[in-house]
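Since the structure comes first, as structure tokens, the remarks are kept for the end.
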Amino acid sequence: MINFGRPRRQRTTRRVALCAFAATAMLAADMSIAADEPLSSGGEPVVRRLLPDQYRNIVADIFGTDIEIGGRFEPDIREDGLLAVGASRVSVTGSGLAQYDAIARGIAEQAVDEKHRALLMPCVPASVNAPDEECARTALARAGLHLYRRPLTDEELDLRVNAATEATKILGDFYQGFALSLGGMLSSPQFLFRTERSEPDPDYPGHHRLDGYSKAERLSFFLWNTSPDTELLEAAASGALHTEKGLLKQANRLLASSRVEDGVRAFFEDMLHFDRFATFSKDAAIYPKFTNDATEASREQTLRTIVEVLLTDKGDYRDLFTTRKTFLNPLMGSVYGVPVPKITANGAPDPWVPHTYPADDPRAAGILMHASFTALHSHPGRTSPTLRGKAIREILMCQHVPDPPGDVEFTVVQDTENPVYKTARTRLEAHATEPMCTGCHKITDPMGLAMENFDAAAGFRTTENGEVIDTSGSIDGKVFNNAVELGQVIHDHPAVTNCLVNRVYAYAAGREPTKGEGEWMKYLKSTFVENGHRYPDLMRTIVTSDAFYRVAEPQTQDARAK
Amino acid sequence: MSAITRMASRRRVLKGALNGGVVTLGLPFLNGFLNENGTALAATGQALPSCFGTWFQGLGLSPGFWEPKEAGVIREMPMQLKPLEAFKDKINVYSGMRVFLDSHPPKVHATGAIAVMGGGIPDDDNGAFPSIDTLIADHIGTRTRFRSLEVSCNGQRFAYSRKSASAANPAETSPMALYQRIFGPDFQDPNAADFTPDPKTMARKSVLSAFGEERQGLMRELGSEDRSRLDEYFTALRELENQLNLELQRPAPLDACTVPENSEEGTHSMVIDHAAADNRLFSKLLAHALACGQTRVINIVFDSAGGNLRTAGSPVTFHIHTHEEPVDPAIGLQRQVAWFQEQCMMALNDTLTALDSIREGDGTVLDRIVMMYGTDTGFAKFHSVENMPMFTYGGAGGRMKTGIHVPANGDTTSRVGLTIMQALGLPVSRWGTESNDTSRTITEVMA
Amino acid sequence: MFRLSPASRPHVLGLRSLNVSVMAMALAGFTLQSSVAAESKSFVVSWFTPASYSTDDDCPGRNPSIDGIYRHAIKQMGLSPDEEERLFEKFDGTTGGDEAGEIIINRARINGVPVNAYANPMAAPDPNMLTVTGPWAIGFNLDGKGADDPNTFEDPFTHEHGIDNEFFRAMGCHTGQRAYWPHRVLQGGEYQWDTIRLTQPAWLITITGEDLSRDGDVIVTFDRALESTKWDAQSNTRADMTYRIDPNPRSRNVFKARLEGGVVKSTESASFNMVADPYYIQEFRFRDAQIRLNLLPDGNVDGFVGGYQPFVDPYWGVANGGLALECCAGIDFVGMYHTLRKLADAYPDPKTGQNTHISTAYRVEAVPAFVVHPEDMTAQASGNTQAAQAR
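Residue numbers (the working numbering), protein chains in the order written: chain V, 32 to 593; chain R, 112 to 558; chain Y, 199 to 589.
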């Protein structure tokens, strides 16, 4: 593996050498270990609004898994393909804060109720009807450490203790007053925004790195999709995270935990646009099997498959597009036409069972043939080879497909009962003869047309309107005859590998890689390829790197004042 | 457009609108305080509060005859909604929804009604779940004279409003008695009554104000782009404080509040004409009660689940017709059943007309309430709890869009209740139990 | 592992078609044990309702609605017109009000004492209900007698004469029992099935033959599942779900049949026993049953099952609902009992000579499904459960 056992000091020295003598950077001493990372100038620290699942995970971790979180979170936006990057752009609106405030008060009230109080409070107030500053201070400091992912400053703590005191006086109830102050923390910017802080790097004079707590935050949110646990916060406080040994210890601990599944799921839900399931539906008259529970199950099917291939099997990322393995429940069995017996009691949740398609099965083409792709990237009542092709280009290859011009005639494409153009291919060909359309459709349609054996609700078919569907085509010089072969072409396409690495890094860093991170990204990609496209290794390379925590010269008010 | 830029432009527009207005306020306003054109705000400084209501009718409508043809804006009212033609722009139709039975045995008429109103099917016969109106009343009805008001037009005191299996709100069956309850000697003129601020609001205000002081310290850590994002946050915080400030002041005068004339006694019987007449009397009184701030939650039972109404002189009830009458192949409907259903929709039209006839600024009481239609079955012919007719009326004071048809085939009816609760600002992210549990808001109608 | 059942038990694993089934079995880890794999198609029953074919002039009139039934019953009890009006003033149409309800429920007499009429229908006078006189009824020639057999019908679809369906004759002149094709009978049919279908165990049909795309001999089985049916977004029975056959043989039925031109007809009569639900009929028990099923182009099945049914079974199916159901159904239950008894046409009681069974036919509609036998999946299932729980 990489980066293990190498003294930090030596690395820094080499890096300085790299600056001066880039061409001779590969010193003999470094050749004995795996490929080493090149210099990165880092990027600006980012400020990210918590995503709803992160908010939920934190609340469950700190206050208890049975705390109900009621309310609607502000909508997230996707930038550069990721909500995690959009989170670095959004703020909080007035109505959004009103919601956060209501959600926060609901949580705080539960956290101080008699059932949950013991978990939250390290002390008992002298009187339940009067302020107890000392007890409030102890409890707020402890909860605050986890909520803010760092110790509260004295000013912050004073402010919150005073707020609890004032509220207790007005309400005549210690816990109610305390809950209001705690709720205030839950709707404060320190909690809602993951604000990264930088500091001068003593190992690398003149350059900056993330401070210990910000490092801990990046590690924890990337790997577990939640805020740092106590041990990680302690490693940040002690400075251990700034040592190679300390960082490795924490990274290995987090990676070895089953909670890393949360991190993997969160990333792929984001990358694969699964948030769209919230507003997704199918025309029930055309696709009666695609019920609301099938919608939710589609997403789960793919996430289980991803976790199985990437984590359980420690497989090649690209195998996601060719794997014959998946998981099905009885409901999804009916969607795909595969027998899946219910093996739990009537009324009990349907079981998920592992399922492997046989080698020659035309449906055995990885996660792209799951409903989470074929149905998600279709219209409610018909397929769209263009949407599917566009999704492959944009989501899996990080390529941009322009939107159609505003004044296009879509009649032929939409008319699925057209007596002349019986298949999507013939309809699209009739449409794409218009010169203004041809260019883009050439980019998207061939891949989408190869998936036409899957209707807009993921059901398998070989004909459309009685005509046999032709699924052959080519992209970028690679020929395929059907979805299975397309899966192999996608598997082998270098853009797919590069795209994943870009997305994962952007997801972890909350921003696109900067120019100064160019060499580092090249290194990350080549390391990923050399390591057999193993996703856990990619996570490990990132979190144990120097580059991940490197910060470009910050542009704060303080810095400017200097 | 991002959430931030949308927010910013909205605020600019509002500031512009206020510049020539009567009131000058130093701070931007919270979206929820405004009706669509902001004029009520300019006149009073405060918007009138949103309200909630239910209107219940047993036996539902006939599938295929109440669903608009197209999704989105309702252009033509379907046959069975024709009596509501005047409210085409103030109604939302949600089609294809159902109640999931899971493993519960279907209890004819009870199951559907309880699930629509309570979000799920309890094991207990009487329905152990709180009904939606009580959940909402807990949130918006705590500071009014009546937490909620329940009436029933068919003489039975049963309403579908309950906090638990053992705590059901009985319905008032006499319009005259309702008049006495609201407008009798205990009536409080909302514009003359004393005002005591809510201590909880005071405490919240004190906590929020304290946190505003942290702004400068936080700003120092950030780059310029992030500083403007944090600015947005603190602007939002001031808006929230401002909202609390308003809540701590005497509420807006209810200029539209008038005390109606004493009501007739009504007939409270199971004859459908009598029920319709009582519904008109009740609706008028409830509209005035809302306009006078006596309550923010109303529940009207036009007819109970199971449908016991009949025509004068006939022992054959609506219910019996649903089971006995064959479908007329010529029209695809049970003719007698369709007639009863038309009468029900005409009665609903009377209720909406009563709410819409009280003007408040540029809007009406109907504009600031959201009413949910409740029923027990999607196809009374065999007690089906599928294809339940689901409607809302009114825009909840600009919090919901109206005039929209949302096909939601196969989804639980709980989505409508969840959407209403969220529109009214309840901190809920999901509602319902088992398969009737949902976290999917009907975003198409959220303003 | 799943195991494809040997040919001696071809019905236990039915899959929709050979192509799909072979593929699907391999996917699910099935192993092929039989050298000659028969082809099976399986279905889950979506509707099971009395086969009714009402026509405009098939009755001498209509049996009265509920108020007419009660007024008639009250007159028969000898109450005065004034008394009748007094009672009906309170009658709200559903329960009869306390006083009227009591009278109507207890309109039977034993030794002059009022008793429950639903429990003692023979102790109440026969209201002589009108019965079907038209020529058409769906069903089968159950007794094998020819076209000249009196009191028989012509089947409107096959145009076969000598059709035995005295149940249709008995019930077809009630307003709520009339159904013009393709509508289904509401009371004692659609309504009850709809109520129980999502909670009672599913009913399964499997057709097995060497090649279902060609004419030939087939075996048709009816089984009960361990699971209840699932629904789709249109609230219809969901297609392509998987069901496990209930190993209890009480609801297992096997018909020898022949497939010709897309129609499967039984070649020998057999008994037909399917457990349902007390809300409909506790158990369908047909003697000398026959079937006719159409394989439809959309993959679904519709058709008919006919046979001789104990005439008390459909009676108790509704009469146990008492007054409340009598009102809604618009059927005079006492009259129903008397009529069914009079028209019962088979299996005479050896002592009394009274026929105990009545000829009948039910309409069956079904959608494609996968069917597995639980014995074949026990090992696999427990493995799967562990895997599922581990997540």
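Where a beta carbon is used, it is the ideal one built from N, C-alpha and C, also for glycine.
Since this is a predicted model, take the numbers as computed values, not measurements.
Does R/F240 get closer than 8 Å to chain V when you measure Cβ to Cβ?
-> Residue-level contact by beta carbon fails for R/F240 and chain V, as no gap is shorter than 8 Å.
Nearest-angstrom beta carbon gap, V/H462 and V/C471 [assumed within contact, 8 Å] = Actually they are not in contact, since the Cβ atoms of V/C471 and V/H462 sit about 12 Å apart, beyond 8 Å.
Name the DSSP beta bridge partners of Y/L491, please?
-> DSSP lists Y/V462 and Y/G501 as partners of Y/L491.
Chain-ordered chain Y contacts of R/G521 [CB-CB under 9 Å] | By Cβ distance, chain Y contributes W429, D430, A431, Q432 and S433.
Where the stretch 209 to 225 of chain V meets chain R: residues whose CB sits under 9 Å from a CB there = Answer set for the stretch 209 to 225 of chain V: L211, S212, G214, G215, M216, S218, S219, P220, Q221, L223 and F224.
Output, in sequence order along the chain, the residues in the stretch 483 to 497 of chain R whose CB is closer than 7 Å to any CB in chain Y.
-> Taken in chain order, the members of the stretch 483 to 497 of chain R whose beta-carbon sits within less than 7 Å of a beta-carbon on chain Y are K492, F493, H494, S495 and E497.
Please name the residues in the stretch 263 to 296 of chain V whose beta-carbon is closer than 8 Å to at least one beta-carbon of chain Y, in chain order.
-> Taking 8 Å as the Cβ-Cβ cut-off against chain Y, none of the residues of the stretch 263 to 296 of chain V qualify.
Nearest chain V C-beta to Y/R376 closer than 8 Å, yes or no?
-> False, the Cβ-Cβ gap to chain V never drops below 8 Å.
Check the Cβ-Cβ distances between Y/C371 and every residue of chain R, and say whether any is below 8 Å.
-> By this cut-off, Y/C371 is not an interface position.
In chain A, what lies closer than 9 Å to Y/V570 by C-beta?
-> The question asks about chain A, but that chain is absent: this structure's protein chains are V, R and Y.
Since R/G485 is in the beta strand (DSSP E), which residue starts that stretch and which ends it?
-> Per DSSP, R/G485 belongs to the beta strand (DSSP E) from I480 to G485.
For my contact list, V/L418 and V/M302 are in at a C-beta cut-off of 8 Å; report their separation, rounded to the angstrom.
-> Rounded, the Cβ-Cβ distance is 17 Å, inconsistent with contact.
Classify V/T55 as buried or exposed, calling it buried when 16 or more other Cβ atoms lie within 10 Å of its own Cβ.
-> Low per-residue confidence applies at V/T55: pLDDT is 33, beneath 50, and the placement is therefore not dependable, though the value from the model is reported in the following sentence. Its Cβ having fewer than 16 others within 10 Å, V/T55 is exposed.
CA-CA distance, V/E550 and V/C429?
-> One C-alpha to the other measures close to 19 Å.
Would you mind listing the alpha helix (DSSP H) stretches within the stretch 314 to 352 of chain V that are 4+ residues and don't spill past its ends, in chain order?
-> List check, alpha helix (DSSP H) in window: 323 to 338.
Counting only beta-carbon atoms, is Y/M275 nearer than 8 Å to chain V?
-> At a cut-off of 8 Å between beta-carbon atoms, Y/M275 makes no contact with chain V.
Among V/L81, V/T257 and V/S251, which residue has its Cα nearest to the Cα of V/A267?
-> The shortest Cα separation from V/A267 among V/L81, V/T257 and V/S251 belongs to V/S251.
Does any CB atom of chain R fall closer than 8 Å to the CB of V/N14?
-> Given that chain V is displayed from residue 32 to residue 593, the structure contains no residue 14 of chain V and the question cannot be resolved.
By the criterion of Cβ-Cβ separation under 9 Å, what are the contact partners of Y/D421 in chain V?
-> Chain V residues near Y/D421: none, gap ~14 Å exceeds 9 Å.
Would you check if the stretch 452 to 466 of chain R and the stretch 182 to 198 of chain R touch, i.e. whether three or more CB-CB distances between them fall below 8 Å?
-> Flag = yes, the stretch 182 to 198 of chain R and the stretch 452 to 466 of chain R touch.
Residues within the stretch 98 to 122 of chain V neighbouring chain R, beta-carbon criterion of under 7 Å = Only those residues of the stretch 98 to 122 of chain V whose C-beta falls short of 7 Å from the nearest C-beta of chain R are listed: I100, G101, G102, R103, E105, P106, I108, R120, V121 and S122.
Count the other C-beta atoms from every protein chain shown that fall within 10 angstroms of the C-beta of V/V369, then say buried if there are 16 or more, exposed otherwise.
-> Burial call: buried.
Between R/G543 and R/D244, what straight-line distance do the alpha-carbon atoms span, to the nearest angstrom?
-> Roughly 14 Å between the two C-alpha positions.
What residue does the beta strand (DSSP E) around R/R254 start on, and which one ends it?
-> Per DSSP, R/R254 belongs to no beta strand (DSSP E) and is neither H nor E.
Counting Cβ pairs closer than 8 Å, one from the stretch 383 to 394 of chain V and one from the stretch 357 to 367 of chain V, do we hit at least three?
-> Per the Cβ contact rule, the stretch 383 to 394 of chain V is in contact with the stretch 357 to 367 of chain V (3 or more Cβ pairs under 8 Å).
Chain-order list of residues whose beta-carbon lies under 6 Å from that of Y/Y545 (same chain, five-residue window excluded) | Within the same chain, Y/Y545 has close Cβ partners T554 and H555.
Beta carbon of Y/F502, beta carbon of Y/R485: below 8 Å?
-> No, the Cβ-Cβ distance between Y/F502 and Y/R485 is not below 8 Å.
Would R/P437 pass as a contact of R/W177 if the rule is Cβ separation under 8 Å?
-> No. Outside cutoff.
Element boundaries [alpha helix (DSSP H), containing V/W255] = That run of the alpha helix (DSSP H) goes G243 to W255.
Coil, strand or helix - Y/W379 by DSSP = In the structure shown, Y/W379 sits in coil (DSSP, three-state: anything other than H, G, I, E or B).
Nearest-angstrom Cβ-Cβ length linking Y/Q398 and Y/S426, presumed shorter than 8 Å | With a Cβ gap of about 6 Å, Y/Q398 and Y/S426 count as contacting.
Since R/I247 and R/G514 are thought to touch, with beta carbons under 8 Å apart, how far apart are those beta carbons, to the nearest angstrom?
-> Contact doesn't hold; Cβ gap of about 23 Å is too wide.
Residue(s) in a DSSP beta bridge with Y/N471 | As computed with DSSP, Y/N471 is found in a beta bridge with Y/R483.
Taking only the alpha-carbon atoms, compute the straight-line gap between R/G169 and R/D487 and give it to the nearest angstrom.
-> Roughly 6 Å between the two C-alpha positions.
Near-chain V residues of the stretch 281 to 311 of chain R - C-beta to any C-beta below 9 Å | Within the stretch 281 to 311 of chain R, P310 and K311 place their CB atoms closer than 9 Å to a CB of chain V, listed in sequence order.
Opening and closing residue of the alpha helix (DSSP H) in which R/M228 lies = Secondary structure note for R/M228: its alpha helix (DSSP H) is the uninterrupted segment A221 to G229.
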